[in-house]
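Residue numbers (the numbering used here): 114 to 418. Yeah, the Cβ is synthetic: ideal placement off N, Cα and C, and Gly gets one too. Below is one structure, written out as C-alpha cells; comments come after it.
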Ligand SMILES: Nc1nc2c(ncn2[C@@H]2O[C@H](COP(=O)(O)OP(=O)(O)O)[C@@H](O)[C@H]2O)c(=O)[nH]1
Ligand SMILES: [Mg+2]
C-alpha cells in the first residue's frame, strides 16, 4: 500500500468524526439558520478553533448571499475552497547548505525522535548522508531511542554522557557532520527539563551553540506537534516559535486524530507551513503535507464514493 493510500485511510477515519458529519450536513436540504449553527459547531468540534470557524462561516455566508444559493450542497465545494485557501503551500525544502542543520523541537511525547527516524529514512532514500545529534540528554531513554533508530537505519548518532550539556552534544554533532561530509544533520532536543521553566532558555542556547559550530546554522527549525492534543498545544507552539525561530511544523499522529482541524488552527495561529504529516509509528509513516490532498481526504464528497 502506498503512503498516500495509508494517509487517505488515516484521514478517512478522521473524516468519520466532525468532518464526516459536515459532509452529511451539507446534503440536499435548504440552507437555514440551523445549517449555519450546525456548521459552526462542527467546525469547532473538528478543532479548527473558534476564529477560523467563524471566519469560514462569514465567507460562506457572503458567497451564499452573492450567489443566491438555496440548497446546502452548494456549500460543500465552497467550504472545501475555503479550507484549501487557509492552508499554506509548503515551500520546497532548502538543502543547499552542506551540511544542512535541522533542529527538531517540541514537547515531550509529540513525536520528535520518531519523526527524526522517519525523516532520516526519507532523506537517506534521496541519497543524502545523514547524521543525528541526541541532544535530549535529560532522559537516558531518549538517547537510547535515537541510537536504536540510528542502528536500524544505519545512520551515525552523536550522543554525550547522560545529563551532559545539550548544547555541547549539538555542537559536536554539527562538527562531526562537517568532518564526515554529511548532507543533513538533525538535532533531537528535549521537550521537558527537570524544571520546565528553563526549557526555552536551554533551546535558545542550543540554537546559538549550533550557530557557533557552523555559521548560518541551524538552517531549519522544525516544530513537531501532536495532532491529537488539540487547541491547547498552540500556546506551547507559540513559545517555541518565539524562542527558536521555527520555520516549519510537522504534524504527527494524524492517524490517531479524530479531528484534524489542528492543521488549520496551526496555520492561523502560527502562520507556519506544515511540511510533513506523521501517520503511524514506522519510518515510512511520514508524508509531505499536500494541502489539497488533505482537504480532499477530510471532506469526502459522498457523491464521489
Ligand atoms: N500513531 C502514531 N504514533 C506516533 C507518531 N509519531 C510518534 N508516535 C508515537 O508517539 C510516541 C512518542 O514519540 P517520540 O518520538 O518518542 O516523542 P518525543 O518525546 O517527542 O521524542 C511514541 O510511542 C511514538 O511511536 C505518529 O505519527 N502516529
Ligand atoms: Mg524523544
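Can you tell me whether DSSP reads residue i as helix, strand or coil?
{"i": "residue 379", "result": "helix"}
{"i": "residue 400", "result": "strand"}
{"i": "residue 208", "result": "coil"}
{"i": "residue 418", "result": "The predicted position of residue 418 is uncertain, since its pLDDT is 46 and thus under 50; a value taken from the coordinates is nonetheless stated next. The answer is coil: DSSP assigns residue 418 none of H, G, I, E or B."}
{"i": "residue 148", "result": "helix"}
{"i": "residue 244", "result": "strand"}
{"i": "residue 297", "result": "strand"}
{"i": "residue 389", "result": "strand"}
{"i": "residue 143", "result": "strand"}
{"i": "residue 79", "result": "The requested residue 79 does not occur in the structure, where the chain is confined to residues 114 to 418."}
{"i": "residue 71", "result": "This structure cannot speak to residue 71, because the chain is shown only from 114 to 418."}
{"i": "residue 395", "result": "coil"}
{"i": "residue 250", "result": "coil"}
{"i": "residue 222", "result": "coil"}
{"i": "residue 153", "result": "helix"}
{"i": "residue 138", "result": "helix"}
{"i": "residue 133", "result": "helix"}
{"i": "residue 384", "result": "coil"}
{"i": "residue 413", "result": "coil"}
{"i": "residue 238", "result": "helix"}
Give a single yes or no on whether residue i has its beta carbon closer than 7 Å to a heavy atom of ligand 1.
{"i": "residue 400", "result": "no"}
{"i": "residue 242", "result": "no"}
{"i": "residue 394", "result": "yes"}
{"i": "residue 361", "result": "no"}
{"i": "residue 221", "result": "yes"}
{"i": "residue 369", "result": "yes"}
{"i": "residue 246", "result": "no"}
{"i": "residue 410", "result": "no"}
{"i": "residue 337", "result": "yes"}
{"i": "residue 391", "result": "yes"}
{"i": "residue 263", "result": "no"}
{"i": "residue 366", "result": "yes"}
{"i": "residue 140", "result": "no"}
{"i": "residue 304", "result": "yes"}
Taking 7 Å as the line, does the beta carbon of residue i fall inside it for any heavy atom of ligand 2?
{"i": "residue 301", "result": "yes"}
{"i": "residue 257", "result": "no"}
{"i": "residue 228", "result": "no"}
{"i": "residue 225", "result": "yes"}
{"i": "residue 249", "result": "yes"}
Can you round the beta-carbon distance between residue i and residue j to whole angstroms, since I take them to be within the 8 Å contact cut?
{"i": "residue 414", "j": "residue 189", "result": "7 Å"}
{"i": "residue 197", "j": "residue 396", "result": "Not quite, the Cβ-Cβ distance comes to about 30 Å (not below 8 Å), so this is no contact."}
{"i": "residue 203", "j": "residue 353", "result": "18 Å between Cβ atoms; not a contact."}
{"i": "residue 165", "j": "residue 378", "result": "6 Å"}
{"i": "residue 186", "j": "residue 140", "result": "6 Å"}
{"i": "residue 301", "j": "residue 338", "result": "Residue 301 to residue 338, Cβ: 16 Å. No contact."}
{"i": "residue 242", "j": "residue 296", "result": "5 Å"}
{"i": "residue 269", "j": "residue 250", "result": "With 8 Å as the limit, residue 269 and residue 250 do not qualify as a contact, their Cβ atoms being about 17 Å apart."}
{"i": "residue 346", "j": "residue 364", "result": "The pair is not a contact, with the Cβ atoms about 10 Å apart (cut-off 8 Å)."}
{"i": "residue 335", "j": "residue 388", "result": "7 Å"}
{"i": "residue 357", "j": "residue 326", "result": "Not quite, the Cβ-Cβ distance comes to about 16 Å (not below 8 Å), so this is no contact."}
{"i": "residue 322", "j": "residue 284", "result": "5 Å"}
{"i": "residue 341", "j": "residue 366", "result": "5 Å"}
What are the start and end residues of each continuous alpha helix (DSSP H) run of 4 or more residues lying completely inside the segment 158-218, in chain order?
-> 163-180, 186-198
Entirely within the segment 258-295 and at least 4 residues each: give me those alpha helix (DSSP H) ranges in chain order.
-> 279-292
Could I get the ranges of all uninterrupted alpha helix (DSSP H) runs contained in the segment 301-371, with 4 residues as the minimum, in chain order?
-> If only uninterrupted alpha helix (DSSP H) runs of at least 4 residues are considered, those enclosed by the segment 301-371 are 312-326, 345-357.
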